[in-house]
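Numbering (our numbering), first residue to last: 78 to 513.
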């Protein structure tokens with residue numbers, strides 16, 4: 078890892094904490110390793126990404142519906158899905174300091190070896206299950222063991238028949254969900270990239286077995302469009318990685334991961350898998366439920382194949398910030414896509430000590446806040462206020478000056494170009510909407 082990359086990530090981490098995007102979790106008690114809180118601006122940006130995902134993959138498609146399932150499910154769900162048996166990472170242990178690392182993380186193993194003066198010897202790899210265990214009820218024994226979900230997919234499989242009947246769905250159709258997942262990762266790090274608790278957005282797309290490859294290709298292209306066109310991430314920083322057969326998850330026939338070029342190197346932010354009929358068949362076997370599809374018109378009766386596009390929203394959040402983070406000679410600016418920015422507009426009175434300007438600015442603020450997220454700032458000189466908003470990605474700054482009192486025009490400054498133009502107050506809302 079180059080020093081420049083380390084420096085870049087450090088600057089992003091610093092900006093996130095200083096400006097209210099991401100805070101270390103439980104900081105007043107010394108923190109908790111790889112635990113983070115999304116601050117006021119981070120919560121806004123995260124929600125904007127999540128809402129855009131739901132809009133693009135549910136609201137704008139007539140063939141996908143949404144659900145919200147629980148974090149704790151019947152443990153038989155994870156038995157049927159194969160997670161209790163197969164959801165593991167191969168770990169090796171350093172014989173000097175007993176640190177445990179994932180065998181597949183070669184860079185982290187090399188970095189660890191450099192911390193020791195003597196040659197490091199590693200134990201033989203052992204599989205470590207990633208599911209978090211907990212207990213239901215007052216007695217902690219095998220009969221009360223449950224698991225925190227390691228993925229959101231299983232709700233969509235166990236509810237397949239209920240949703241198909243209730244919503245009168247015909248193939249092909251999908252079921253989408255956004256929710257928190259938990260994995261007892263041994264190797265964590267790189268800020269919010271790999272944590273034990275995270276948010277996944279994914280959907281299961283049910284198709285005829287003979288149509289799985291066409292659906293895979295169509296949804297892969299749709300997934301890439303979301304990252305580049307909808308989120309505005311640079312295409313040069315996105316690549317597809319086809320997994321070899323020996324790298325596939327236990328349920329997958331084919332998987333293509335999407336990688337982003339982070340300051341610490343290329344790594345995964347999403348993926349798409351052909352899960353075949355693995356999950357539905359296993360749930361049929363263990364539960365006896367009729368999770369089949371019958372075409373009433375043709376009489377066809379079969380277990381559908383499933384194509385699953387998955388998005389790690391925390392990693393996507395980090396990719397969006399890293400991609401937008403720009404250092405210029407006189408300022409740092411987050412060139413976020415305007416529709417994603419935490420604040421869409423900032424309103425400034427030119428001078429804080431002129432009540433007539435402050436009053437007019439508050440009128441403009443009250444008008445705009447009915448449609449947009451808006452910041453109000455009357456601190457310091459106008460230049461510093463501009464740069465402060467640039468740093469958090471606010472696309473437009475509106476300044477109320479003495480001319481405003483005469484002609485009801487304000488100065489609107491564009492974040493990226495820094496150009497300014499005069500706009501009538503009554504035209505402001507339409508002007509901003511036209512730029513978002």
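Glycine included, each C-beta is placed from N, C-alpha and C at the ideal position. The structure presented is a predicted model; accordingly, all values stated were derived computationally and were not measured.
| query | result |
| --- | --- |
| Local conformation of residue 176 per DSSP, three classes | coil |
| For residue 270 and residue 498, the rounded distance between their alpha carbons | 40 Å |
| CA-to-CA distance, residue 346 to residue 389, given in whole angstroms | 6 Å |
| Expected contact under 8 Å - CB spacing of residue 122 and residue 472 to nearest Å | Residue 122 to residue 472, Cβ: 13 Å. No contact. |
| Cβ shell of residue 399 (< 7 Å), same chain only, five flanking positions each side left out | 89, 339, 340 |
| Integer Cβ distance of residue 512 from residue 415, believed to fall under 8 Å | 6 Å |
| Check whether residue 445 and residue 434 have beta carbons under 8 Å apart | no |
| Cβ neighbour criterion (16 or more within 10 Å) applied to residue 80 | Any reading at residue 80 must be qualified, since the residue scores a pLDDT of 42, below 50, and its modelled position is unreliable; no value is offered. |
| Residue range of the alpha helix (DSSP H) that includes residue 240 | 237-244 |
| With 16 other Cβ atoms within 10 Å as the buried cut-off, status of residue 234 | buried |
| Cβ-Cβ separation, residue 255 to residue 131 (assumed contact under 8 Å), whole Å | 7 Å |
| Cβ-Cβ separation, residue 308 to residue 349 (assumed contact under 8 Å), whole Å | Contact flag wrong, Cβ pair sits at about 16 Å. |
| Buried versus exposed, by CB contacts within 10 Å (16 or more), residue 204 | exposed |
| Cβ distance (whole Å) where residue 515 is taken to contact residue 454 below 8 Å | The displayed coordinates of the chain run from 78 to 513. Any statement about residue 515 would go beyond what the structure contains. |
| Among 158, 251, 96, 87, nearest to residue 327 - alpha-carbon criterion | 158 |
| Reference residue 335, options 317, 324, 476, closest by Cα | 317 |
| 3-residue-minimum beta strand (DSSP E) runs that sit fully inside the segment 269-323, ordered along the chain | 274-284, 315-319 |
| Those residues which DSSP pairs with residue 497 across a bridge | 490 |
| Helix, strand or coil at residue 484 according to DSSP, with G and I counted as helix | helix |
| Spatially closest choice to residue 213 from 183, 150, 162, by CA coordinates | 150 |
| Best match in 432, 380, 508, 403 for proximity to residue 289 [C-alpha to C-alpha] | 380 |
| Own chain partners of residue 438 with C-beta closer than 6 Å, once the 5 adjacent residues on each side are dropped | 424, 426, 477 |
| Candidates 207, 202, 173, of which the one nearest residue 191 by Cα | 173 |
| Continuous beta strand (DSSP E) stretch holding residue 138: start and end | No beta strand (DSSP E) holds residue 138; DSSP gives it neither H nor E. |
| Contact under 8 Å by Cβ, residue 248 with residue 284 | yes |
| Pairwise C-alpha distance: residue 322 and residue 179 | 20 Å |
| Rounded C-alpha distance that separates residue 277 from residue 230 | 10 Å |
| Segment contact, 8 Å Cβ cut-off, at least three pairs: the segment 106-119 with the segment 219-227 | no |
| Rounded straight-line distance, which links the Cα of residue 93 to that of residue 105 | 18 Å |
| Which of helix, strand or coil DSSP assigns to residue 397 | helix |
| Integer Cβ distance of residue 450 from residue 421, believed to fall under 8 Å | 6 Å |
| Rounded C-alpha distance that separates residue 516 from residue 208 | Lying before the first or after the last residue shown, residue 516 is absent from the chain, which here runs from 78 to 513. |
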